[in-house]
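Visitor: Sending over a structure as structure tokens; questions will come in a sec.
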Amino acid sequence: MPRDPRHDILFEPIRIGPVVAKNRFFQVPHCNGMGHTKPRGHAAMRGVKAEGGWAVVSTEEVEIHASSDVSPHVEGRLWDDGDVAALRLVSDAVHEHGALAAIELAHNGMHSSNLYSREVAIAPSPICVLGSYTPAQARGMTKADIRAYRRWHRDAALRSRRAGFDIVYVYAAHELSLAMHFLQARHNQRTDEYGGSLVNRVRLLRELLEETKEAIGGDCAVAVRFAVDELRGQDGIESGGEGREVVAMLADLPDLWDVNLSDWTNDSATSRFAPEGYQEEFVRFVKGVTRKPVVGVGRFTSPDAMVSQIRRGVLDLIGAARPSIADPFLPHKIDSGEIDDIRECIGCNICVSGDLTSTPIRCTQNPTMGEEWRKGWHPEKIPPRSGEDSFLVIGAGPTGLECARLLGRRGYPVTLAEAEAQLGGRVTRESSLPGLSAWARVRDYRLQQLNKMPNVEILRTSRVAAAQILEFGATRVVLATGARWRRDGIARANLRPIAGFDRAGVLTPDELMAGMRAPSPVVVFDDDHFYLGAVIAEKLRREGLDVVLVTPAERVSAWTVHTLEQRRIQQQLLELGVRIETNRNIVEFDGSRVRLECTYTGRESSLAAAAVVAVTSRQSDDALGLELGSQPEALAAAGIASVACIGDCLAPSTIAAAVYAGHRYAREFDWPQSDAVPFRRELARTTD
Ligand code: ADP
Ligand code: SF4
């Protein structure tokens, strides 16, 4: 299809110092959990982005020195010449598709625990090592340390050029880099020419920019990544105050301004807390203060919103991390007028959880993310069918939808049968809850694709029984029948049913999502620890009920530290007036009160409760699988070669895991059974 002429402006080239970006799509730096430990995986992932049409593809932050060791997090590394070859893989993969390669040089200062290098952390002034409870402190830098740091940075810039990069970043954002720590008055208590006035605090950033330009500026563009606002009022940098002044002071020194919010929780706010384009009010001043191109982010997935950013003079380049993860081919799809095919990011931050758990990146919407090298998966190129199989997929939740989509794309005949009138399973149910409407994109993208496939038939309100499966005539049956929330309280803290949870006043999230009302006061018991418990508490509180959230964990929605949401979630509940009881297990419900036990001391207390919502664990809906599994002769007689139970009906997990399971089945269903590791690994070198 031809490109919509309204989007032409997104494809105008733009000069960035000595290099030219072929369009306005800029994949800004983002972590990926592969970095220096899995360089081939990392390079292949960036290569796919370049192939998808991004004019610039950046690395994540790249440590420039052993005193900036952020282990156990896995970032890029450029400590010495030994790291150049691994980064060369990245720039080569990006160049192969005609994009510019950018590298973000970083020294994390007091955000480096140095657990691997055992170097002493450095900072503008003595301070605790931040970002964790590491029992160590950073020392204040001497003038000699500052000179050494500038030298390391210059050396890293020279190595970056040698590694093939076209754009080299000086990094002063996210509260994660020394250049930013020097800017922040609360972290910089120096009394020399690097501390005190803003002119002094900006000195180091200016020197880094000047020295980087002097070292490599003839060949490479020098970008600055700067957080114009920290969203902490006068205690931090504010876009109406020092943020603006810093941009004004350095105005045309860098070749490119990449501007955003700090810290990372603000920059990568989830859809639950921030809409598309949420950074505009903070960054829109920048273009009025510099003549250099400006890139910014805001979880942009709509081409119209992108065009508007450029036309209204807010940004010159559309920066994206998450939208490029969910759909590496986003620019290509806009270019070829395939807007409906864009796989829009849902803003869930599962991608971030890879970095924060030191494992390769994954994405709810894009199951191929992180699998480009180790499994050879490509987000758009799918192997065609390899045989005469036909498929009956039962259940149209995220697992079934993705499975049917990919089998359909491969060219197989597929019937997708769903018991409910509505498709989408858990994503449809959950997207009706406060803040989770974007979850519906998981369903909508797949339905949009399925509706275009003549070889896929979708049957709604079709609850399928074993007898019908045997009669249906498909050669392969995929059970994607999902899971339901348990009512008995069994999860982590309670391995046996909780006394009294068989009473009428105990509700499940499924019942609430189906419209059942809870009486007040209500206790939400969260032994699941991801987002749902707090979302249910929020929903009930907004309906006017007295709500107490009880959790055996030490904080609400404990796992959401990995999606950068935990603080916001707990803060929101407190502000809404939800009472929070942490480190408490529920041991009994008598119909009007719950009996609690402290998880440390066992000391008992109790709370009034007309109802309890058990957000505990889920039970797989595996009845069909068990029934069919007990009839091997009948399956053989029906010509059914395999029955697979996948996604939540095998073992409940995240939506991302459900999509991955559906995708994986469609690619690998005919693989021979094997004990082999199911992907390529990057083994540690055992020779020098
Ligand atoms: P997953 O996350 O694995 O996709 P979900 O619970 O979201 O699981 O979706 C499972 C879907 O399967 C639900 O929409 C449910 O209605 C449907 N389903 C369950 N049993 C049957 C059945 N026997 N026939 C057809 N659909 C079914
Ligand atoms: Fe977007 Fe979620 Fe994918 Fe991250 S994991 S890119 S937030 S859909």
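Each residue of the sequence shown is one higher than the one before, counting from 135 in this note's numbering. In this text, a Cβ means the ideal position worked out from N, Cα and C, and glycines have one as well.
Looking only at C-alpha atoms, which of MET314, ILE484, LYS172 sits nearest to PHE664?
Guide: The shortest Cα separation from PHE664 among MET314, ILE484, LYS172 belongs to ILE484.
Visitor: Considering only C-alpha positions, which residue in the set PRO173, VAL695, ARG563, LYS673 is nearest to ALA648?
Guide: Of the candidates PRO173, VAL695, ARG563, LYS673, the one whose C-alpha sits nearest the C-alpha of ALA648 is ARG563.
Visitor: What number of angstroms, rounded off, separates the C-alpha of PHE152 from the C-alpha of VAL576?
Guide: What sits at residue 152 in the sequence shown is Pro, not Phe. So the alpha carbons of these two residues sit roughly 41 Å apart.
Visitor: At what residue ranges does the stretch 164-240 contain a whole run of the beta strand (DSSP E), taking only runs of 3 or more?
Guide: Runs of the beta strand (DSSP E) inside the stretch 164-240: 190-197, 234-240.
Visitor: Could you tell me if LYS515 is buried or exposed, where buried requires 16 or more neighbouring beta carbons within 10 angstroms of its beta carbon?
Guide: Exposed is the call here.
Visitor: With DSSP collapsed to three states, give me the class of TYR305.
Guide: Correct three-state label for TYR305: strand.
Visitor: Give the DSSP bridge partners of GLY521, in chain order.
Guide: In DSSP, GLY521 forms no bridge with anything.
Visitor: Whole angstroms are fine: how far does the CA of LEU343 sit from the CA of HIS245?
Guide: Between HIS245 and LEU343, the C-alpha separation is close to 22 Å.
Visitor: Evaluate ASP397 with the Cβ neighbour count: other Cβ atoms within 10 Å of its Cβ, from every protein chain shown; 16 or more gives buried, anything less gives exposed.
Guide: The residue is buried, with at least 16 neighbouring Cβ atoms inside 10 Å.
Visitor: State yes or no: is the C-beta of SER373 within less than 8 Å of the C-beta of PHE416?
Guide: Closer than 8 Å, so yes.
Visitor: Can you name, in chain order, every residue of its own chain whose Cβ lies under 7 Å from the Cβ of SER754, other than the five neighbours on each side?
Guide: Closer than 7 Å at the Cβ level, and outside the excluded window around SER754, lie ALA617, ASP782, CYS783, LEU784, ALA785, PRO786.
Visitor: Where do the N-terminal and C-terminal ends of the alpha helix (DSSP H) with THR705 fall, by residue?
Guide: The question names Thr, yet the displayed sequence has Gln at residue 705. Taken as a continuous stretch (DSSP letters only), the alpha helix (DSSP H) holding GLN705 covers 700-710.
Visitor: I want to check one thing, is the minimum distance from the CB of SER751 to the heavy atoms of the ligand ADP below 7 Å?
Guide: It does not: the Cβ of SER751 is nowhere closer than 7 Å to a heavy atom of the ligand ADP.
Visitor: Smallest Cα separation from PRO260: which of ASN242, TYR250, ARG324?
Guide: Here the closest residue by C-alpha is ARG324.
Visitor: What separation, rounded to the nearest whole angstrom, lies between the Cα atoms of VAL749 and LEU758?
Guide: VAL749 and LEU758: Cα-Cα distance of roughly 25 Å.
Visitor: Taking GLY453 as part of the beta strand (DSSP E), name the residues at either end of that continuous run.
Guide: Its beta strand (DSSP E) spans residues 451-454.
Visitor: Using a Cβ-Cβ cutoff of less than 8 Å, which residues in the same chain neighbour VAL423 once the five nearest sequence positions on both sides are dropped?
Guide: Excluding sequence neighbours, VAL423 sits near ARG378, VAL381, ALA382, ALA385.
Visitor: I'd like the list of long-range same chain contacts for ARG418, defined as Cβ closer than 7 Å, with 5 residues on each side in sequence excluded.
Guide: Here the set comprises VAL448.
Visitor: Where does the unbroken alpha helix (DSSP H) through LEU762 begin, and where does it stop?
Guide: Counting along the chain, the alpha helix (DSSP H) containing LEU762 begins and ends at 757-763.
Visitor: Alpha carbon to alpha carbon, how far is ALA551 from SER192? Give it in angstroms, no decimals.
Guide: So the alpha carbons of these two residues sit roughly 42 Å apart.
Visitor: How big is the Cα-Cα spacing for TRP797 and THR533?
Guide: Reading off the sequence, residue 797 comes out as His, not Trp. Each residue's alpha carbon lies about 8 Å from the other.
Visitor: Could you check if GLU364 is buried or exposed, using at least 16 other CB atoms within 10 Å of its CB as the buried criterion?
Guide: With 16 or more other Cβ atoms within 10 Å, it is buried.
Visitor: Which value, in whole angstroms, describes the spacing of the CA atoms of PRO501 and LEU604?
Guide: If you take the alpha carbons of PRO501 and LEU604, they lie about 31 Å apart.
Visitor: Are TYR799 and ALA778 close, meaning C-beta to C-beta below 8 Å?
Guide: A contact, by the Cβ cut-off of 8 Å.
Visitor: Determine the burial state of ARG676: buried for a count of at least 16 other Cβ atoms within 10 Å of its Cβ, exposed for fewer.
Guide: So ARG676 ends up on the exposed side.
Visitor: Contact between the stretch 301-311 and the stretch 347-360 is defined here as three or more beta-carbon pairs at a separation below 8 Å; is this criterion met?
Guide: Short answer: they touch.
Visitor: Cβ of ASP130 within 8 Å of Cβ of GLU195?
Guide: Outside the shown range of the chain, which is 135 to 822, sits residue 130, and nothing can be said about it.
Visitor: Could you spell out where the alpha helix (DSSP H) holding PHE407 opens and where it closes?
Guide: Unbroken run through PHE407: none, as it is neither H nor E.
Visitor: Can you give me the C-alpha to C-alpha distance between GLU645 and ASP809, rounded to a whole angstrom?
Guide: Roughly 41 Å between the two C-alpha positions.
Visitor: Check whether the stretch 543-560 and the stretch 625-637 touch, using three or more Cβ-Cβ pairs below 8 Å as the test.
Guide: Result no; under three Cβ-Cβ pairs closer than 8 Å.
Visitor: Given this structure, state the Cα-to-Cα distance separating LYS156 from ASP138, to the nearest angstrom.
Guide: Rounded to whole angstroms, LYS156 to ASP138 spans 18 Å at the Cα level.
Visitor: 8 Å is my cut-off, CB to CB: does ALA184 come that close to chain C?
Guide: Any reference to chain C falls outside this structure, which holds one protein chain only.
Visitor: Using the Cα positions of ALA790 and MET275, report the straight-line distance between them to the nearest angstrom.
Guide: Taking the straight line joining both Cα atoms gives about 44 Å.
Visitor: Please find out if some non-hydrogen atom of the ligand ADP comes closer than 7 Å to the beta-carbon of ARG637.
Guide: Not under cutoff, so the answer is no.
Visitor: First and last residue of the alpha helix (DSSP H) that includes GLY667?
Guide: Per DSSP, GLY667 belongs to the alpha helix (DSSP H) from 666-676.
Visitor: Return the bridge partner residues of LEU683 from the DSSP annotation.
Guide: Its beta-bridge partners are VAL658, ILE714.
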